[in-house]
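Asks:
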Amino acid sequence: MNYKSYLDKHPIFNIVSESAEKLGVEVYVIGGYVRDLQLKKDSKDIDFVCVGDGIILAKAIAKSLGKEVPVVVYKKFGTALVKYHDLEMEFVGARKESYQSESRKPNVEAGTLQQDLDRRDFTINALGISLNKANYGNLIDPFGGIEAIEKKVIETPLDPAITFSDDPLRIMRAVRFASQLNFDIAPETFEAITNNAERLKIVSQERITEELNKIILSPLPSYGFKLLYQAGILRLIFPEMADLQGVEVIQEKGHKDNFYHTLKVLDNLSKTSSDLWLRWAAILHDIAKPLTKKFDEKTGWTFHGHEDKGAKMVPEIFRRLRLPLNDKMKKVKRLVRLHLRPIALVKEEISESAIRRLLFEAGEDLEDLLLLC
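With the sequence shown counted from 1, adding 14 to any position gets you the working numbering.
1) Of all the options R293, I222, K270, which has the alpha carbon lying nearest to the alpha carbon of L234?
2) Near A295, what residues of its chain come up, given a Cβ to Cβ distance below 8 Å and the 5 sequence neighbours on each side ignored?
3) Exposed or buried, what is D100 when buried is set at 16 or more other beta-carbons lying within 10 Å of its beta-carbon?
4) Could you give the distance in angstroms between the alpha-carbon of I143 and the alpha-carbon of S31?
5) For V167, which three-state DSSP category applies?
6) Could you give the first and the last residue of the continuous alpha helix (DSSP H) run that contains V350?
7) If you compare alpha carbons, which of E266, P156, I207 is closest to E311?
8) Can you tell which of D135, G45, L21, Y47 has the C-alpha that lies nearest to the C-alpha of D388?
9) Terminal residues of the continuous beta strand (DSSP E) containing K105?
10) Within this structure, are the beta carbons of K53 and Y20 separated by less than 8 Å?
11) Along the alpha helix (DSSP H) that carries T368, what are the first and last residues, could you check?
12) With DSSP as the reference, please indicate the residues paired to L142 in a beta bridge.
13) Identify the residues that DSSP records as bridge partners of K97: which are they?
14) Quick check: D61 and E123, are their CB atoms within less than 8 Å of each other?
15) Nearest to V263 by CA position, among W315, I369, S57, R334, is which residue?
16) Looking at C-alpha atoms only, which residue of I207, G107, F273, L248 is the closest neighbour of L258?
17) What number of angstroms, rounded off, separates the C-alpha of G260 from the C-alpha of N146?
18) Give me whichever residues DSSP pairs with F62 in a beta bridge.
19) If you follow the alpha helix (DSSP H) that F239 is part of, which residue opens it and which one closes it?
20) Would V189 pass as a contact of L241 if the rule is Cβ separation under 8 Å?
21) From this set, K77, K215, D281, which residue's C-alpha is nearest F252's C-alpha?
22) Secondary structure at I301, three-state DSSP: helix, strand or coil?
23) Hey, could you find the ends of the beta strand (DSSP E) V85 is sitting in?
24) Return the first residue and the last residue of the alpha helix (DSSP H) that K323 is part of.
25) Check whether the Cβ of G80 lies closer than 7 Å to any heavy atom of the ligand NAD, and answer yes or no.
26) If you draw a straight line from the C-alpha of V393 to the C-alpha of A94, how long is it?
27) I'd like to check one pair, A140 with P174: are the Cβ atoms closer than 8 Å?
28) Does DSSP classify K312 as helix, strand or coil?
29) Distance, Cα to Cα, R213 vs I207?
30) Please report the straight-line C-alpha distance between K81 and I75, rounded to a whole angstrom.
31) What residue range is occupied by the uninterrupted alpha helix (DSSP H) comprising T177?
32) For L373 and D379, I'd like the C-alpha separation in whole angstroms.
33) Once DSSP output is grouped into helix, strand and coil, what is the label at E123?
34) Enumerate in chain order the residues of its own chain whose CB-to-CB distance from P329 is below 8 Å, with the five nearest sequence positions on each side excluded.
35) From K18 to I247, what does the alpha carbon distance come to, in whole angstroms?
36) Considering only residues of the same chain and omitting the five flanking positions on each side of K323, which have a CB-CB separation below 7 Å?
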């Protein structure tokens, strides 16, 4: 790919380059923007790394763009955000990191470009493009990130065991990228994920749930959930869902595997809706089946009342996962409670009052309820 030709078509890169040259610092486009460029995906978020002070560079660029361009400075993190039209540009100085075992928050020092790329989570993100006059448009790819993109594989730049032990949130990010991009996770990387799963306990629930929601919103979310299950992560972060897996057989009578059934429902729904909360309803619609499962010698396995018990479980699950406890939760709870009702209404002997009652109870969620069914 001719990166120089691409950069020349977008004036912002030349502006950044000239500002950096005036300050006497090196600057590079880095990370996800380069990855998405290689994948031919549009991105409005651009990360720049300079070998120097990223905040000073950001202020200089904002000044050259016009008086009305704001700069948001995050002194604690040494970063600055510049919003210009539809672009969000983040600037940071090159850095190196070191970790303590009890925390995923690193000790940060100024570093070289190579040290900055060393600290990246995956090879597909350890990419840069030079904006410096001497080698403008040159690709920086010390870990074979372009090859990993072409092979559709997630792997770490450095030893994966150290990578995930240092910052276990990268475990969730690995699964998220695999699910979003439909990439494989390299065997040694997946082994390190499995071995370090317990390290997720030092990560805040909010950050874990943020990644989980991105997995849920990926094109084929079942892929991400299967990876989470296989690595032993789902049992740690969402045990109720892990409990759905498995089939019990008595007197040669079994029931469907509710884990894989749930994933099939989620995938089917995801083909027609990108509504996160509707997808959560798909995930939780049978969540109480393990708690309501009974065996009857005549009829086999039953799950009577799983819809009502499941609805009662929704608030506590949302609370523990740090999901919103507002109208979004109420919507999911309502859909879980009502998810069997439309199916019952297709019977010929159903009364008009039963239909009116469902219309009233479903309210504005009726269309989503029917889609879930």
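Think of the CB as a built atom: it goes at the ideal place given N, C-alpha and C, for glycine as much as any other residue. Treat the numbers as computed from the prediction; the structure is a model and nothing was measured.
Replies: Short version:
1) R293
2) Take A295, set aside five residues on each side of it, and the residues of its chain with a beta-carbon closer than 8 Å to its own are K345, V346, L349, V350, H353, D382, L386, in chain order.
3) The residue in question, D100, is exposed, as its Cβ has fewer than 16 Cβ neighbours within 10 Å.
4) About 11 Å.
5) strand
6) 341-352
7) It is E266.
8) In the structure displayed, the chain extends from 15 to 387; residue 388 sits before or after that span and is not available.
9) For the record, residue 105 in the displayed sequence is Phe; it is not Lys. Note, F105: beta strand (DSSP E), 101-107.
10) Checking the displayed sequence, the identity of residue 53 turns out to be Leu instead of Lys. Going by C-beta atoms, L53 is not nearer than 8 Å to Y20.
11) Contrary to the premise, residue 368 reads as Ala rather than Thr in this sequence. Looking at the DSSP string, the run of the alpha helix (DSSP H) that includes A368 is 366-376.
12) Looking at the sequence itself, residue 142 is Gly, so the reference to Leu does not match. According to DSSP, G142 bridges with I44, I154.
13) E102
14) no
15) W315
16) In terms of Cα proximity to L258, the closest of I207, G107, F273, L248 is F273.
17) 57 Å
18) V43, F105
19) 235-244
20) yes
21) The candidate whose alpha carbon is nearest that of F252 is K215.
22) coil
23) 85-88
24) 320-334
25) The ligand NAD is not part of this structure, which contains no ligands at all.
26) Any question about residue 393 goes unanswered here, given that the chain covers just 15 to 387.
27) no
28) coil
29) 10 Å
30) When rounded, the distance between both Cα atoms is 11 Å.
31) Residues 174-180.
32) 9 Å
33) strand
34) L339, M343, K347
35) 42 Å
36) A302, L305, T306
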